[in-house]
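Residue numbers (the working numbering): 778 to 892. The C-beta atom is built at its ideal place from N, Cα and C for all residues, glycine as well. In what follows, a structure is listed as structure tokens, so that the remarks can point back to it.
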């Protein structure tokens with residue numbers, strides 16, 4: 778299974794980006810999909826996740842600014858990021874999870890928020 782993330786880049790504070798992650802795996806629709814991020818010197822953290830049924834959860838730091846969504850026809854999960862802050866600077870990774878042992882990661886896409 779390959780997860781191909783894209784959409785990162787350099788953006789000014791207050792700007793927006795949309796990340797995409799395409800999965801080559803089968804049965805995408807039943808996966809829990811998540812976006813994680815890792816800033817320099819920090820541990821990887823969950824940013825947002827969406828279940829097969831469409832339920833979502835977010836880190837407190839991004840609530841109201843980020844939106845996760847999925848298109849099962851395209852095997853793709855998205856992360857719309859608005860009102861970006863310098864603290865959002867990190868490498869963003871997508872994850873596909875299905876218990877008990879289906880757990881795959883994309884290669885990461887760098888988001889830099891700076892003026």
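Boundaries (first-last residue) of the beta strand (DSSP E) holding residue i
{"i": "residue 854", "result": "853-858"}
{"i": "residue 799", "result": "794-800"}
{"i": "residue 781", "result": "780-783"}
{"i": "residue 880", "result": "879-882"}
{"i": "residue 889", "result": "886-890"}
{"i": "residue 787", "result": "786-788"}
DSSP beta-bridge partners of residue i
{"i": "residue 810", "result": "827, 873"}
{"i": "residue 815", "result": "868"}
Expected contact under 8 Å - CB spacing of residue i and residue j to nearest Å
{"i": "residue 875", "j": "residue 834", "result": "The Cβ separation is near 17 Å, so there is no contact."}
{"i": "residue 886", "j": "residue 792", "result": "The Cβ separation is near 16 Å, so there is no contact."}
{"i": "residue 839", "j": "residue 816", "result": "Their Cβ separation, rounded to whole angstroms, is 13 Å, which puts residue 839 and residue 816 out of contact at 8 Å."}
{"i": "residue 789", "j": "residue 892", "result": "5 Å"}
{"i": "residue 855", "j": "residue 796", "result": "7 Å"}
{"i": "residue 800", "j": "residue 878", "result": "With a Cβ gap of about 16 Å, residue 800 and residue 878 do not count as contacting."}
{"i": "residue 811", "j": "residue 778", "result": "Contact flag wrong, Cβ pair sits at about 15 Å."}
Length at least 3, wholly inside the stretch 819-849: the beta strand (DSSP E) runs in chain order:
Taking only runs of at least 3 residues, the beta strand (DSSP E) segments lying wholly in the stretch 819-849 are 822-827, 833-835, 843-848.
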